[in-house]
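Read the structure below first, then the notes.
Numbering (UniProt numbering), first residue to last: 1 to 449.
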């Protein structure tokens with residue numbers, strides 16, 4: 001199978017950037033997203049996820065993964081995110097089988113001022129006698145694009161989930177999966193293999209392995225991957241002193257989804273002296289795990305270089321400004337009884353969640369709220385209660401100083417209730433909302449002015 005990489009094809013896309021402020025999980029709130037490849041380029045984090053959509057008649061395979069394009073998102077602080085729009089579409093890539101809806105987990109890397117976006121998809125039947133997935137490349141001068149796709153995929157690569165790593169000596173490596181995990185050197189042109197394909201051995205032989213992502217820290221090469229030991233994927237890792245192994249299976253990064261989401265997919269970065277794990281879960285689609293959403297949580301290492309297991313959170317990472325809408329349903333901690341989280345609208349889950357209090361002294365905690373230095377004077381709570389009720393806002397702890405008492409009027413409609421602050425504390429605080437009445441009270445968000 002001979003491929004030529006001489007004639008690039010330009011994708012002409014009109015890109016509209018959309019910015020929004022979210023420092024909780026999931027990170028992207030207006031569309032499904034999965035398989036996040038996070039990268040630090042300059043002073044920003046860029047995330048290149050796959051884009052789940054729901055299959056319909058004549059569009060994808062019902063009840064299966066369905067993806068037709070890729071977006072890229074960026075943030076300077078892991079709180080304020082910008083959607084730079086679509087960068088690659090399936091039917092605008094010359095070698096991709098039309099309407100195959102198989103634009104699965106991608107990756108992106110920078111080399112010599114160019115950005116190389118690697119993506120898998122199903123190849124046209126007319127181009128090869130081998131059916132199935134292979135991996136292509138699109139190139140841009142900026143991480144957000146525009147990207148120019150190569151006319152053919154990378155030769156001798158059959159599989160999905162590309163990952164590219166550049167070692168300290170400048171050597172480039174590519175990894176992918178197809179039953180096993182594979183690795184090979186790439187040429188300096190970033191478009192061709194420069195070695196034999198190596199099967200990465202000494203990994204679990206039982207159960208599905210996919211989604212390789214390799215990074216280096218203090219001379220240790222970490223090969224991370226999802227693995228199905230039982231019924232759903234958990235994130236595991238193996239270590240080596242060489243990018244192509246041999247690897248030693250070392251531990252679990254994240255356990256299986258407690259709600260049964262079959263897949264997970266990871267990337268790990270260091271940004272401003274803190275390590276982060278990016279992954280996905282089916283937050284907006286709890287009954288269908290082929291429509292997923294990307295998340296991020298803090299990741300830490302032990303003194304010996306092993307990875308501390310990450311417990312997934314709703315709070316996520318980043319700082320929330322007190323003057324923004326604080327969605328306390330993305331909590332840091334919650335009382336064992338008397339409070340629950342449900343969708344605002346089960347028919348439109350992208351409207352988000354609400355917090356429902358139904359016992360006195362039930363509480364919810366939301367950490368890392370930046371009140372700034374300029375005194376704020378009031379708080380607004382969007383809430384409702386069929387019988388009326390009261391919610392206290394406290395800081396530091398559930399028994400900490402009361403900064404506001406909000407009486408939710410009796411009504412079946414949402415209302416924005418504004419009350420003066422009793423006390424102002426500057427800088428970062430942990431926020432607590434506590435029910436003070438034996439009635440059902442629902443809250444959507446809290447905001448300070």
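No residue lacks a Cβ here, since even glycine has one placed at the ideal position from N, Cα and C. Because the structure is a prediction, the values reported are computed rather than measured.
Problem - Between the CA atoms of residue 135 and residue 154 - distance to the nearest angstrom - result: 6 Å
Exercise for the section: In the DSSP assignment, find the beta strand (DSSP E) that holds residue 222 and state where it starts and stops. Expected result: 220–228
Handout entry: Residue range of the beta strand (DSSP E) that includes residue 262
Key = Looking at the DSSP string, residue 262 is not in any beta strand (DSSP E), and its letter there is neither H nor E.
Handout entry: Selected residue, minimal CA-CA separation from residue 406, among 413, 400, 388
Key = 388
Exercise for the section: Write down every uninterrupted run of the beta strand (DSSP E) in the stretch 99–161 whose length is 3 residues or greater and which is fully enclosed by it, in chain order. Expected result: 107–111, 114–122, 133–140
Problem - Closest by C-alpha distance to residue 220, when choosing among 235, 229, 250, 228 - result: 250
Handout entry: Buried versus exposed call for residue 206 [16 or more other C-beta atoms within 10 Å across all chains shown]
Key = exposed
Problem - Own chain partners of residue 194 with C-beta closer than 7 Å, once the 5 adjacent residues on each side are dropped - result: 185, 186, 187
Problem - Which of helix, strand or coil DSSP assigns to residue 198 - result: strand
Exercise for the section: Please name the residue or residues paired with residue 392 in a DSSP beta bridge. Expected result: 405, 434
Practice task
Give the DSSP-derived three-state secondary structure of residue 428 in the structure shown.
Solution key: strand
Practice task
On a CA-only basis, which of 360, 354, 419 is nearest residue 379? Give me that one, please.
Solution key: 419
Practice task
Give the straight-line distance between the Cα atoms of residue 122 and residue 101, rounded to the nearest whole angstrom.
Solution key: 9 Å
Exercise for the section: Check each candidate in 381, 409, 240, 292 and name the one with the smallest Cα separation from residue 350. Expected result: 292
Handout entry: Neighbourhood of residue 395 by C-beta distance below 8 Å, restricted to the same chain and skipping five residues each side
Key = 401, 403, 425, 429, 430, 431, 432
Problem - residue 298 vs residue 244 beta-carbon contact at 8 Å - result: no
Problem - Nearest candidate by alpha-carbon position, reference residue 441, set 371, 365, 340, 352 - result: 340
Practice task
With a threshold of 16 other CB atoms inside 10 Å of the CB of residue 453, please say whether the residue is buried or exposed.
Solution key: Residue 453 lies beyond the range of the chain shown here (1 to 449); nothing can be said about it.
Handout entry: Best match in 422, 421, 437, 415 for proximity to residue 444 [C-alpha to C-alpha]
Key = 415
Problem - Three CB pairs or more closer than 8 Å across the stretch 317–335 and the stretch 351–368 - result: yes
Handout entry: residue 274 - DSSP class collapsed to helix/strand/coil
Key = strand
Practice task
Please report how far the alpha carbon of residue 146 lies from the alpha carbon of residue 140, in whole angstroms.
Solution key: 6 Å
Practice task
Output yes or no for whether 8 Å exceeds the beta carbon distance between residue 254 and residue 309.
Solution key: yes
Handout entry: Best match in 144, 127, 151, 115 for proximity to residue 165 [C-alpha to C-alpha]
Key = 115
Practice task
Could you tell me whether the Cβ atoms of residue 304 and residue 247 are closer together than 8 Å?
Solution key: no
Exercise for the section: Might you give, ordered along the chain, the residues of its own chain that have their beta carbon closer than 7 Å to the beta carbon of residue 337, omitting 5 neighbours on each side? Expected result: 359, 362
Handout entry: Under the three-state DSSP convention, the category residue 365 falls into
Key = strand
Handout entry: Beta carbon of residue 353 nearer than 8 Å to that of residue 364
Key = no
Practice task
With a threshold of 16 other CB atoms inside 10 Å of the CB of residue 274, please say whether the residue is buried or exposed.
Solution key: exposed
Problem - For residue 1, the three-state DSSP class (helix, strand or coil) - result: Because the pLDDT of residue 1 is 41, which lies under 50, any placement of that residue in the model is unreliable, and the number read from its coordinates should be weighed accordingly. In this structure, residue 1 counts as coil in the three-state DSSP scheme.
Exercise for the section: Given a cut-off of 8 Å, decide if residue 204 and residue 181 are closer than it, judged by their beta-carbon atoms. Expected result: no
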